[in-house]
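**Q**
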Amino acid sequence: MMRIGLLGGSFDPVHKAHIELAKTALRDLALDQVQLLPARQPWQKPILSASCEDRLAMVEMAISDTPGLSVNPVELNRPGKTYTIDTLTTLPADHDYFWILGSDQLQNFPTWHRWQDIASLVTLVVAHRPGAVLLLPDELQKQVDAGQAHVQVLNFRPMDISASHLRHAIKAGESTEHWLDPRVAAYIADNHLYQSEDKP
Numbered sequence: 000m001m002r003i004g005l006l007g008g009s010f011d012p013v014h015k016a017h018i019e020l021a022k023t024a025l026r027d028l029a030l031d032q033v034q035l036l037p038a039r040q041p042w043q044k045p046i047l048s049a050s051c052e053d054r055l056a057m058v059e060m061a062i063s064d065t066p067g068l069s070v071n072p073v074e075l076n077r078p079g080k081t082y083t084i085d086t087l088t089t090l091p092a093d094h095d096y097f098w099i100l101g102s103d104q105l106q107n108f109p110t111w112h113r114w115q116d117i118a119s120l121v122t123l124v125v126a127h128r129p130g131a132v133l134l135l136p137d138e139l140q141k142q143v144d145a146g147q148a149h150v151q152v153l154n155f156r157p158m159d160i161s162a163s164h165l166r167h168a169i170k171a172g173e174s175t176e177h178w179l180d181p182r183v184a185a186y187i188a189d190n191h192l193y194q195s196e197d198k199p
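Residues 0 to 199 in numbering that gives the first Met the number 0 are what the sequence shown lists, from first letter to last.
#1: Restricting to Cα atoms, I'd like to know which of Glu52, Val73 and Asp64 is closest to Leu35.
#2: Would you grab the beta carbon distance between Pro12 and Ala49 for me? Rounded to a whole angstrom, and I think it's under 8 Å.
#3: Classify Met0 as buried or exposed, calling it buried when 16 or more other Cβ atoms lie within 10 Å of its own Cβ.
#4: If we require 4 or more residues per run, which alpha helix (DSSP H) segments fall completely within the stretch 82-140?
#5: Return the first residue and the last residue of the beta strand (DSSP E) that Val183 is part of.
#6: With a 10 Å radius around its C-beta and 16 neighbouring C-beta atoms as the bar for buried, classify Gly172 as buried or exposed.
#7: Near Asp159, which residues of its chain fall below 7 Å by C-beta distance, leaving aside the five closest residues on each side in sequence?
#8: How would you call Thr175, buried or exposed, if buried means at least 16 neighbouring beta carbons within 10 angstroms?
#9: For Phe108, which residues from the same chain have a beta carbon less than 7 Å from its beta carbon, with the 5 sequence-adjacent residues on both sides left out?
#10: Please report the straight-line C-alpha distance between Gln194 and Asp93, rounded to a whole angstrom.
#11: Between Leu6 and Ala126, what straight-line distance do the alpha-carbon atoms span, to the nearest angstrom?
#12: Let's test the definition: count the other Cβ atoms within 10 Å of the Cβ of Arg156 and tell me whether it reaches 16, buried, or not, exposed.
#13: Hey, Leu192 and Val124: beta-carbon distance below 8 Å or not?
#14: Which residue marks the beginning of the beta strand (DSSP E) containing Ile3, and which one marks its end?
#15: I'd like the list of long-range same chain contacts for Asn154, defined as Cβ closer than 8 Å, with 5 residues on each side in sequence excluded.
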């Protein structure tokens with residue numbers, strides 16, 4: 000039985016905070032691997048800016064030098080909107096899974112489709128995010144108190160960056176080298192990503 004971390008997201012684009020979060024979870028939770036799962040179309044988000052193919056390519060570049068990190072394209076290969084529960088029920092059942100999320104997502108977790116089922120299938124691993132208090136919503140706290148959900152806090156130093164900020168910075172011609180892997184930055188430039196009118 001392997002201990003596998005799962006880090007889902009749009010990765011539009013993938014940036015250094017994503018990678019540092021995955022590396023921290025891999026190390027501090029003694030995981031065998033962390034899989035990054037680019038979403039095809041998150042059900043709670045508008046249409047993404049970059050294509051599935053571009054986002055997958057950028058994630059593969061960003062993790063290529065880090066043993067223990069891998070890309071799982073299961074969500075990209077499934078048509079329609081992306082629901083976490085659909086992903087979890089397709090993964091092999093004979094491993095321990097740790098779903099990594101930020102404290103901002105934690106507050107929203109009880110709105111996720113079949114969130115109680117998600118909580119029963121994984122250990123939720125929560126990392127601090129700038130501007131978001133790390134506090135369990137009442138509904139989730141009740142599940143934890145009843146032994147129906149497990150939550151761990153990851154000792155992760157918040158990094159004040161977001162993909163939406165990066166998209167705006169790229170469009171404005173501002174420097175993003177501090178937050179992007181050089182190969183990802185070159186891929187964005189070569190393929191003229193995030194240059195058109197930004198989506199909301």
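C-beta atoms are modelled at their ideal positions from N, C-alpha and C, and glycine is treated no differently.
**A** With the given structure in hand:
#1: Shortest Cα-Cα distance from Leu35 to any of Glu52, Val73 and Asp64 involves Val73.
#2: Indeed, because the Cβ distance is near 7 Å, the residues count as touching under 8 Å.
#3: Its Cβ having fewer than 16 others within 10 Å, Met0 is exposed.
#4: With a minimum length of 4 residues, the continuous alpha helix (DSSP H) runs that stay inside the stretch 82-140 are 83-87, 102-107 and 114-120.
#5: Here Val183 belongs to no beta strand (DSSP E); instead the alpha helix (DSSP H) covers Pro181 to Asp189.
#6: Residue burial annotation: Gly172 is exposed, with fewer than 16 other C-beta atoms found within 10 angstroms of its C-beta.
#7: Correct list, in chain order: Pro129.
#8: Flag for Thr175 reads buried.
#9: Here the set comprises Trp114, Pro136 and Leu139.
#10: The C-alpha of Asp93 is placed about 44 Å away from the C-alpha of Gln194.
#11: Their backbone Cα atoms lie some 11 Å apart in a straight line.
#12: By the neighbour-count criterion, in which a residue is buried when 16 or more other Cβ atoms sit within 10 angstroms of its Cβ, Arg156 is exposed.
#13: Using a Cβ distance threshold of 8 Å, Leu192 and Val124 do not count as a contacting pair.
#14: Start and end: Arg2 to Gly8.
#15: Here the set comprises Thr23 and Asp27.
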